[in-house]
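A short worksheet on the structure shown next.
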Amino acid sequence: MLEGMPYPENLDNHFVVDPAKFDFHTMDCYRLVGEDKLARTLAEEVLRAGTRL
-6 MLEGMPYPEN
4 LDNHFVVDPA
14 KFDFHTMDCY
24 RLVGEDKLAR
34 TLAEEVLRAG
44 TRL
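Taking this note's numbering as reference, the numbering of the sequence shown is continuous, increasing by one, and the terminal residue is 46.
Structure follows, in C-alpha cells:
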C-alpha cells in the first residue's frame, strides 16, 4: 500500500517513515501480529543492510 504513494515532499512531517527504515518498521509490525516467518525474513534483510560495508 505504501509503495504506491509518492515520496513525501516535507520530510519534517513526523508521520513520514524514512524509506531506509521501512523494512525495520514492517518487520516489527509482522512480529507484533504474530507473522514470525515474515518478520524473520525482514529481520535478516535489516541486519544485512545494516552491516554492509
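Backbone N, C-alpha and C define an ideal beta-carbon position, used for all residues, glycine too.
Enclosing alpha helix (DSSP H) for D21 [first to last residue]: Where D21 is concerned, the enclosing alpha helix (DSSP H) stretches over F15 to L25.
Using a Cβ-Cβ cutoff of less than 8 angstroms, which residues in the same chain neighbour V39 once the five nearest sequence positions on both sides are dropped? Beyond the five residues adjoining it in sequence on each side, V39 comes within less than 8 angstroms, by CB distance, of D16, F17 and M20 in the same chain, given in chain order.
Can you look up L35 in the DSSP assignment and give me helix, strand or coil? DSSP, reduced to helix, strand and coil, places L35 within a helical segment of the structure shown.
In three-state DSSP terms, what is P1? In the three-state reduction of the DSSP assignment, P1 falls in the coil class, being assigned neither a helical nor a strand state.
R41 in three-state terms, based on DSSP: Looking at R41 - three-state DSSP - the assignment turns out to be helix.
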